[in-house]
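Undergrad:
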Amino acid sequence: MELSINGQTRTLADAAVDPAMPLLWALRDVLNLTGTKFGCGVAACGACTVHVDGQALRSCVTPLAAVASRRIVTIEALGTAAQPHPLQTAWLEHQVPQCGYCQSGMLMAAAALLAKNPDPSDADIDAAITNICRCGTYPRIRAAIKSAAATLRPALPKAKAKA
Amino acid sequence: MKRRTMILSGLGAVAALVVGWGVLPPRGRLGGPGTQPLVAGEVGLNGWIKIGADGGVILAMNRSEMGQGVHTALAMLVAEELDISLAKVRLEQAGADKIYGNVAMFVGSLPFHPSDAEPGRETRTVRTGQWIVAKLARELGISATGGSSTIADAWDVLRLAAATARAQLLGAASLEWKLPLAELSVKNGVISHASGPQGHYGLFAKAAAATPPGDVSLKAAKDWTLVGTPAPRIDLQAKIDGTAPFGLDVRLPNQLYAVARHCPMLGGGAGAVNAEAAMKLPGVERVVRLGSFAGSTGAVVVVGRSTWHAQQGAQALQIEWRAPPAGVLASATIVDALDRSAREAAAAQGGLAFHSVGDVAAASKGAARRVEQLYRAPYLAHATMEPINCTARVADGRVEVWVPTQMPGSARAVAARAAGVSEDAVTVHVTYLGGGFGRRLDVDVVGQAVRVAVETGGRPVQLVWPREEDIGHDFYRPAGVALLQASLDAQGMPIGLAITSAGDAVTPRWMERALPALAGPIDMPDKTAAEGLIDLPYGIANQRMAHVATHSGVPVGFWRSVGHSHNAFFAEAFIDELAFEAKQDPVAFRLALLKDAPRHVAVLQLAADKAGWGGPLPAGVARGVALHESFNSIVAQVVELSLQGGRPRVLRVVCAADVGTVVNPGIVAQQMEGAVIFGLSAALYGRIDIEGSVVRQSNFPDYPVVKMAESPAIIETHLVPSTRAPGGVGEPGTPPIAPAVANAMFVLTGQRVRSLPLLA
Chain G
6 MELSINGQTR
16 TLADAAVDPA
26 MPLLWALRDV
36 LNLTGTKFGC
46 GVAACGACTV
56 HVDGQALRSC
66 VTPLAAVASR
76 RIVTIEALGT
86 AAQPHPLQTA
96 WLEHQVPQCG
106 YCQSGMLMAA
116 AALLAKNPDP
126 SDADIDAAIT
136 NICRCGTYPR
146 IRAAIKSAAA
156 TLRPALPKAK
166 AKA
Chain P
22 MKRRTMILSG
32 LGAVAALVVG
42 WGVLPPRGRL
52 GGPGTQPLVA
62 GEVGLNGWIK
72 IGADGGVILA
82 MNRSEMGQGV
92 HTALAMLVAE
102 ELDISLAKVR
112 LEQAGADKIY
122 GNVAMFVGSL
132 PFHPSDAEPG
142 RETRTVRTGQ
152 WIVAKLAREL
162 GISATGGSST
172 IADAWDVLRL
182 AAATARAQLL
192 GAASLEWKLP
202 LAELSVKNGV
212 ISHASGPQGH
222 YGLFAKAAAA
232 TPPGDVSLKA
242 AKDWTLVGTP
252 APRIDLQAKI
262 DGTAPFGLDV
272 RLPNQLYAVA
282 RHCPMLGGGA
292 GAVNAEAAMK
302 LPGVERVVRL
312 GSFAGSTGAV
322 VVVGRSTWHA
332 QQGAQALQIE
342 WRAPPAGVLA
352 SATIVDALDR
362 SAREAAAAQG
372 GLAFHSVGDV
382 AAASKGAARR
392 VEQLYRAPYL
402 AHATMEPINC
412 TARVADGRVE
422 VWVPTQMPGS
432 ARAVAARAAG
442 VSEDAVTVHV
452 TYLGGGFGRR
462 LDVDVVGQAV
472 RVAVETGGRP
482 VQLVWPREED
492 IGHDFYRPAG
502 VALLQASLDA
512 QGMPIGLAIT
522 SAGDAVTPRW
532 MERALPALAG
542 PIDMPDKTAA
552 EGLIDLPYGI
562 ANQRMAHVAT
572 HSGVPVGFWR
582 SVGHSHNAFF
592 AEAFIDELAF
602 EAKQDPVAFR
612 LALLKDAPRH
622 VAVLQLAADK
632 AGWGGPLPAG
642 VARGVALHES
652 FNSIVAQVVE
662 LSLQGGRPRV
672 LRVVCAADVG
682 TVVNPGIVAQ
692 QMEGAVIFGL
702 SAALYGRIDI
712 EGSVVRQSNF
722 PDYPVVKMAE
732 SPAIIETHLV
742 PSTRAPGGVG
752 EPGTPPIAPA
762 VANAMFVLTG
772 QRVRSLPLLA
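So the sequence lines, in the order shown, correspond to chains G and P.
Quick note, the numbering used here runs 5 ahead of the 1-based positions in the first sequence.
Quick note, the numbering used here runs 21 ahead of the 1-based positions in the second sequence.
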């Protein structure tokens with residue numbers, strides 16, 4: 006089976022995977038892309054969030070068969086220390102993570118939100134970020150999303166902003 | 022003889038027999054240059070500090086990072102005393118030496134009233150008790166991350182270790198350059214003299230190891246440049262790019278994956294297992310039956326090529342489960358029994374009276390009015406984000422485990438027992454913890470994983486519990502009940518307060534599992550279920566705070582803030598009731614009762630001021646307040662709350678705290694925010710129900726927690742400046758939130774909810 010992951014075509018041995026296997030386990034246990042996390046297995050917590058064709062998707066309940074010909078992006082390709090995604094910069098600025106386990110999923114959910122909504126309201130953030138964080142980093146995540154959004158739309162002309 | 026004194030004499034006799042009497046200087050915990058293993062180019066100066074060839078500092082890290090920021094905070098203490106940037110301090114897991122054990126956590130478990138334990142003014146009983154326990158803890162050297170004790174435990178030792186290393190390095194430079202010590206200075210790990218010579222620590226390390234430190238003094242607080250600042254955490258880059266290694270991220274050559282399926286009945290086990298269908302599935306390698314390890318329920322484990330293959334196999338198993346030999350557990354029945362125990366003990370002045378002043382019976386007789394209420398709290402699960410897991414390899418008589426644990430020594434011991442080897446043959450690698458909250462003070466999964474790895478022919482195996490296994494087989498925060506009885510004078514002010522609580526003792530159950538060698542045949546008095554009721558700051562003339570310790574059979578464990586987690590709700594919601602009875606403002610009422618508690622006054626006043634207590638609010642919004650001391654820190658919270666469709670929505674939390682000396686105010690604020698949200702999940706939703714020994718909840722859909730939409734948008738933290746030794750930070754923010762929310766709900770609804778969760 007072939008998958009497009011982080012811009013590369015990855016071939017998975019048929020013996021290693023199964024069309025019914027959730028994407029999460031192919032990423033973690035077959036490809037060793039362990040940045041995407043297992044939290045609940047029932048799409049309730051969002052720790053396993055990745056992008057599929059630009060949409061945030063919970064990989065723990067997404068079978069490989071459903072993503073075979075689609076563009077998959079994981080936390081490993083969101084940005085690096087040298088070239089961070091604006092959200093990652095904001096995450097550091099606001100010192101968001103505590104234990105850090107949910108943060109890959111949080112960042113991927115937030116990145117998908119900003120990609121289609123460069124100026125999310127509090128209600129937009131509430132609706133898009135339904136991931137669970139047991140350390141309680143929500144207020145900082147909200148603030149970091151807002152500051153990343155601000156850096157992502159510096160070119161908005163003032164007149165347009167007023168209109 | 023008072024019961025407390027008797028207990029202490031017993032402990033003292035044991036301590037004297039075991040370890041002899043003597044003094045306990047922090048210097049005794051510095052260790053030697055060879056305490057930690059050295060790699061080429063490194064020089065050990067003591068058990069905590071090594072110097073690298075590049076002049077960097079390598080710190081032996083004896084505490085687990087589970088989100089609470091201790092890796093950063095401990096590195097800050099060392100960087101400060103060594104005058105080196107935080108970026109040049111590298112962490113290395115500390116070994117098993119006893120110097121790395123936790124003394125402060127065990128001293129903190131003593132059942133003393135804070136007013137008897139005020140530093141410098143301790144009663145003789147307190148001083149003796151603290152000394153004995155410190156001595157025992159030092160001798161035992163149990164490494165543990167818990168009890169909000171990390172900074173308190175490290176405060177003297179780690180700073181001294183770093184300051185001693187600095188003195189040795191400077192001494193070596195002085196000798197080599199033949200320049201007076203007093204004329205040398207250090208900037209970011211580079212020693213220099215005004216006349217020109219300079220060099221980084223690495224150049225002097227070897228000579229420093231042979232140079233006596235002379236008189237070592239710690240930096241004065243006024244000279245700190247790093248401690249006290251909100252320095253960025255050192256672990257965050259790895260936590261935003263997916264590279265931070267948690268337990269479940271361990272990947273070894275030839276690794277197998279395993280999934281556990283426990284007997285649904287707590288304490289039960291597997292009878293007949295039909296594995297035929299499971300073994301026919303592709304990718305399933307083997308099936309292993311597990312007995313009980315360090316308190317675990319019996320289970321069957323399927324080993325496979327991936328976690329998913331193993332999970333498919335686990336679901337295909339046909340298992341006849343065996344009920345536990347002890348009776349059937351039902352939480353409703355247990356809580357009813359706790360109600361009765363509390364009432365009976367209250368009527369008979371029974372239970373263990375941890376705190377007693379004046380005469381509550383006489384106060385009750387002379388009271389103008391009496392108020393009595395029973396409060397209840399349910400069992401709770403921890404639900405750490407990272408599911409319970411451990412990776413183990415058993416090969417050539419050696420055992421290696423990789424585990425997110427708060428108890429590396431216990432992990433080592435249970436691994437050795439499971440593999441039938443000596444502890445010397447076991448290496449424990451502590452990974453990042455995806456949340457701990459006390460759950461990872463238990464090491465059950467380590468024994469399980471090692472037992473499975475014994476079967477896999479030397480191949481490493483990663484055992485994980487699916488979320489349903491975690492919620493269904495936790496060591497739960499015990500259910501608790503308290504009967505609170507106040508005697509009021511004609512003005513409505515309390516002249517007597519009797520609190521009789523009942524609930525399972527946690528410490529003895531945990532010791533049996535995690536430290537079996539220390540577990541005794543009888544339960545020592547355990548304050549963990551009673552803390553938060555027996556140590557209230559209010560100046561009420563007659564008080565009796567007693568607790569009935571029970572043993573229900575439900576597996577119970579430490580849950581962030583332990584007894585305080587529910588007892589603060591009981592105490593502070595009841596105090597709010599008394600304020601209402603006295604027709605007084607809740608803040609003014611508390612202040613009136615806090616005449617002998619100036620630190621509490623300062624904290625409460627700060628929270629009230631910053632929250633604008635008494636000021637106008639939008640229609641439909643109310644404030645609630647709570648004040649609570651735990652882990653040597655005092656926290657007050659004021660919430661602003663509205664009801665949306667009948668459901669409480671916390672809009673803003675103002676948190677004021679006196680946590681003693683602050684190492685990193687940024688991390689303190691993070692912890693207060695996190696503790697509030699953790700406590701809010703429990704206050705609003707948290708409940709574990711047990712019927713027929715089976716836990717009814719299984720995963721986040723039926724064990725809900727607060728998410729972004731229900732999280733307060735604003736949580737402010739304001740710190741009272743303090744020069745006291747550091748108190749706890751990770752837990753003290755959790756207890757006040759439930760009563761603060763409940764008290765605000767009362768303002769809006771006129772109804773008191775006296776049982777958690779508030780949304781039953």
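Cβ coordinates follow ideal geometry from the N, Cα and C atoms, glycine included.
1. Spatial neighbours of Val64 of chain P within its chain, please: C-beta separation below 6 Å, excluding the five flanking residues on both sides.
2. Among P:Thr528, P:Ala320 and P:Ala690, which residue has its Cα nearest to the Cα of Ala291 of chain P?
3. Under three-state DSSP, which class holds Tyr497 of chain P?
4. Could you spell out the range, first to last residue, of the beta strand (DSSP E) harbouring Arg364 of chain P?
5. Are any of the Cβ atoms in chain G nearer than 8 Å to that of Val648 of chain P?
6. Would Leu202 of chain P be called buried (16 or more neighbouring beta carbons within 10 Å of its own) or exposed?
7. Using only the alpha-carbon positions, how far apart do Ser109 of chain G and Ala153 of chain G sit?
8. Quick one: measure Cβ to Cβ for Cys183 of chain G and Gly455 of chain P, integer angstroms, because I've assumed they're closer than 8 Å.
9. Starting from Cys140 of chain G, find everything on chain P with Cβ-Cβ shorter than 7 Å and list it in chain order.
10. For Arg310 of chain P, which residues of its own chain have a beta-carbon under 7 Å away from its beta-carbon, when the five flanking residues on both sides are left out?
11. Given a cut-off of 8 Å on the beta-carbon distance, is the pair Phe590 of chain P and Ala763 of chain P in contact?
12. Should Pro218 of chain P be labelled buried (16 or more other beta-carbon atoms within 10 Å of its own) or exposed?
13. So with Cβ pairs under 8 Å, would you call Gly46 of chain G a contact of chain C?
14. Do the CB positions of Val496 of chain P and Asp525 of chain P come within less than 8 Å of each other?
15. Alpha carbon to alpha carbon, what distance is there between Ala781 of chain P and Ala640 of chain P?
16. Residues of chain G with a CB under 7 Å from the CB of Gln691 of chain P: which are they?
17. Measure from the alpha carbon of Ala567 of chain P to the alpha carbon of each residue in P:Ala523, P:Ile120, P:Leu302 and P:Phe579, then state which is nearest.
18. If you draw a straight line from the alpha carbon of Arg390 of chain P to that of Gly289 of chain P, how long is it in whole angstroms?
19. Scan the region 265–281 of chain P for residues whose Cβ lies nearer than 9 Å to a Cβ of chain G and list them as they occur along the chain.
20. Determine, for Thr16 of chain G, whether the minimum Cβ-Cβ distance to residues of chain P falls below 8 Å.
21. Could you name the residues of the region 728–739 of chain P whose beta carbon sits closer than 8 Å to any beta carbon of chain G, in the order they occur along the chain?
22. What runs of the alpha helix (DSSP H), each 4 residues or longer, lie entirely inside the region 294–351 of chain P?
23. Look at Leu98 of chain P and Leu179 of chain P and say whether their C-beta atoms are less than 8 Å apart.
24. Could you tell me which uninterrupted alpha helix (DSSP H) segments, each at least 4 residues in length, are contained entirely in the region 62–131 of chain G, listed from first to last along the chain?
25. Does the beta carbon of Glu421 of chain P sit closer than 8 Å to a beta carbon anywhere in chain G?
26. Report yes or no: do three or more beta-carbon pairs, one from the region 352–369 of chain P and one from the region 567–582 of chain P, lie closer than 8 Å?
27. Beta-carbon separation of Met300 of chain P and Pro345 of chain P under 8 Å?
28. Pull up the DSSP beta-bridge partners for Val280 of chain P, would you.
29. Rounded C-beta distance between Val697 of chain P and Leu740 of chain P? I'm assuming under 8 Å.
30. From what residue to what residue does the alpha helix (DSSP H) around Thr149 of chain P run?
31. In the DSSP assignment, what are the bridge partners of Gly749 of chain P?
32. Counting beta carbon pairs with one atom in the region 316–336 of chain P and one in the region 483–503 of chain P, are three or more of them shorter than 8 Å?
33. According to the neighbour-count rule (16 or more other Cβ atoms, all chains shown, within 10 Å of its Cβ), is Gln88 of chain G buried or exposed?
34. Would you mind telling me which residues of chain G sit closer than 9 Å to Gly260 of chain P, beta carbon to beta carbon, in chain order?
35. Can you find at least 3 beta carbon pairs, one from the region 615–629 of chain P and one from the region 577–596 of chain P, that sit closer than 8 Å?
36. Just how far apart, CA to CA, sit Phe1 of chain P and Arg187 of chain P?
TA: Taking the coordinates as given:
1. Ile72, Ala226, Lys227 and Ala230
2. P:Ala320
3. strand
4. Per DSSP, Arg364 of chain P belongs to no beta strand (DSSP E); it is in the alpha helix (DSSP H), Ser352 to Ala368.
5. Note that residue 648 of chain P is Leu in the sequence shown, not Val. No, because no Cβ of chain G sits closer than 8 Å to the Cβ of Leu648 of chain P.
6. exposed
7. 16 Å
8. Past the boundaries of the shown model lies residue 183 of chain G; chain G is included only from 6 to 168, so the question cannot be answered.
9. Gly88, Gly456 and Gly695
10. Ala291, Val294 and Val321
11. yes
12. exposed
13. Protein chains G and P are contained in the structure displayed, whereas chain C is not.
14. Residue 496 of chain P is actually Phe in this sequence, not Val. No, these two residues do not count as a Cβ contact at 8 Å.
15. 26 Å
16. Gln100 and Gln103
17. P:Ala523
18. 50 Å
19. Ala265, Pro266, Phe267, Leu269, Asp270, Val271, Arg272, Gln276 and Tyr278
20. no
21. Lys728, Met729, Ala730, Ser732, Pro733, Ala734, Ile735 and Ile736
22. 297–301 and 328–337
23. yes
24. 91–98 and 108–121
25. no
26. yes
27. no
28. P:Val323 and P:Val485
29. Wrong, their Cβ atoms sit about 15 Å apart, outside the cutoff.
30. Arg145 to Leu161
31. Answer is none; Gly749 of chain P lacks a bridge partner.
32. yes
33. exposed
34. Note that residue 260 of chain P corresponds to Lys in the displayed sequence, not to Gly. Trp96, Val101, Pro102, Gln103, Cys104, Gly105, Tyr106, Gln108 and Ser109, listed in chain order.
35. no
36. Any answer about residue 1 of chain P is impossible in this case: the structure gives chain P only from 22 up to 781.
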